[in-house]
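In terms of this note's numbering, the sequence shown is residues -18 to 338.
For every residue, glycine included, the Cβ atom is placed at its ideal position computed from N, Cα and C.
What follows is a single structure, written as structure tokens, with notes after it.
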Amino acid sequence: MKLAGYSYKLPFSKPLQTSSQTFQYRKGFILSYETDKQQFYGEAAPLPGFSTESHKSVQKLLTAYKEKINETLNSSNPVKKLQKFYKNANIPPSLQFGLDALAYQIEARKNEQPLLSYLFPDASSKIDVNTLISLQGDNILKDVADKIESGFNTVKCKIGLHFEKELQFLRKIRNKYPDLTIRVDANQAWDLNQAAHHCKQLEKLDLEYCEEPLNKITPVNIEQLSQKTSLPFALDESTTQHSFWPNLLPFTKYLIMKPMVVGSFQKNIETKRIANTHNNKIVVTTSLESGVGRYFTSLIAAGLGSPSTAHGLSTGILFAQDISSETNFITEGSVNLSSRCLPTINFDQQQLFTKLF
């Protein structure tokens, strides 16, 4: 029984631009744990701008603790022992998530249970998924039409770069598709006055929510903003940037949960518990990780995400090349985990992988 670690670098089909940064590619780590009968995978991929840890720091920890991690995974209760290891060694969230993925697979196999039912016995295996629509393209309405034809009922649009232009396109989408669920993400683009003005315009479009409208968020200014508009708000980056984020929940309706950024599976469960204190719905989204990480993020979505909303799991389409294929993962706007498992990974793809140990 042996642990192996690989770094990867996946190119996006085209640069991925938000209001604050542009991504050319995605870097991360795939962990492989091999037994006599089975090979298990996990992923640790800190997301720049969201995660507190860096790619370099995770690599150092993996190299330093590889023997300890291997020993822990070989133990009779790896999940419990890992929780102590996380505290003692100050292990960051993305690595916790990757190691928990391995540990829970090992324990589920020992108990002869599918991983989803081992983690969340009452979870549905089918998850509704939103799709991404760029408001910077040339054929936006056609793109929306194609997504609807593919079975998606919820679209997400990044805004905050050129608001008036984005607003015009959102109006066109809403006018043509009155029943479509539309959510927008401002990625903390606006000050309080701008947010109040823009959200007042957006509320006329019957949006599901606006994610992270404020560039400087506090309980006071999110409360002030909520008094100036009826548009529902969602938290995302704020949950890792500010320790006071639970105090924002009375003024929001949705919490965007990126499991890779939150950390261990137990921390994800605790985050949902906190969100429930103010009846915020949980929308689970990827951290732009590879197909390995998206699989485990989908498990969290099935177990912890709100069943009445779509979740952000369709980011595999953004990659020019991926570790595991998106084929048959998302069908007619949903993920069905009962027919999905991780394929064997070919680590000999030198253009994607570099072996660490």
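Using the three-state DSSP reduction, which class does residue i fall into: helix, strand or coil?
| i | result |
| --- | --- |
| Ile298 | helix |
| Pro(-4) | strand |
| Arg164 | strand |
| Asp109 | strand |
| Arg7 | strand |
| Thr312 | strand |
| Asn261 | coil |
| Phe101 | coil |
| Phe277 | helix |
| Thr44 | helix |
| Met238 | strand |
| Ile114 | strand |
| Ala(-15) | strand |
| Ser320 | helix |
| Ala215 | strand |
| Leu173 | helix |
Could you check if residue i is buried or exposed, using at least 16 other CB atoms within 10 Å of its CB as the buried criterion?
| i | result |
| --- | --- |
| Gln77 | buried |
| His36 | buried |
| Val265 | buried |
| Gln208 | exposed |
| Glu218 | buried |
| Asp17 | exposed |
| Gly284 | buried |
| Glu48 | exposed |
| Arg275 | buried |
Thinking just about the alpha-carbon of each residue, which of the options is nearest to the one in residue i?
| i | options | result |
| --- | --- | --- |
| Leu54 | Asn71, Leu269, Ser289 and Lys91 | Lys91 |
| Gly132 | Val110, Ile140 and Pro240 | Val110 |
| Glu383 | Asn156, Lys234 and Asn51 | Not covered by the structure: residue 383. The range shown for the chain is -18 to 338. |
| Lys(-17) | Gln20, Pro(-8), Gln331 and Lys68 | Gln20 |
| Lys139 | Val165, Ala(-15), Leu161 and Tyr(-13) | Val165 |
| Ala26 | Pro73, Asp329 and Tyr67 | Pro73 |
| Val125 | Phe101, Ala104 and Asp160 | Asp160 |
| Leu97 | Phe246, Ile326 and Lys336 | Phe246 |
| Glu320 | Pro288, Leu280 and Gln330 | The amino acid occupying residue 320 in the given sequence is Ser; Glu does not appear at that position. Comparing Cα-Cα distances from Ser320 to each of Pro288, Leu280 and Gln330, the minimum goes to Leu280. |
| Ala167 | Asn156, Glu130 and Lys197 | Lys197 |
| Pro324 | Gln2, Gly23 and Ala(-15) | Gly23 |
| Gln64 | Lys248, Ser289, Gly272 and Gly293 | Lys248 |
Would you please state the rounded distance, in angstroms, between the beta carbons of residue i and residue j? I believe it to be under 8 Å.
| i | j | result |
| --- | --- | --- |
| Leu299 | Leu(-3) | 6 Å |
| Met241 | Glu204 | Actually they are not in contact, since the Cβ atoms of Met241 and Glu204 sit about 30 Å apart, beyond 8 Å. |
| Ala84 | Pro59 | 4 Å |
Stretch pair the stretch 301 to 320 + the stretch 103 to 121: three plus CB contacts closer than 8 Å
yes
Is the stretch 148 to 168 touching the stretch 6 to 14, taking contact as three or more C-beta pairs under 8 Å?
no
How do the stretch 182 to 200 and the stretch 232 to 246 stand: do at least 3 beta-carbon pairs fall below 8 Å, yes or no?
yes
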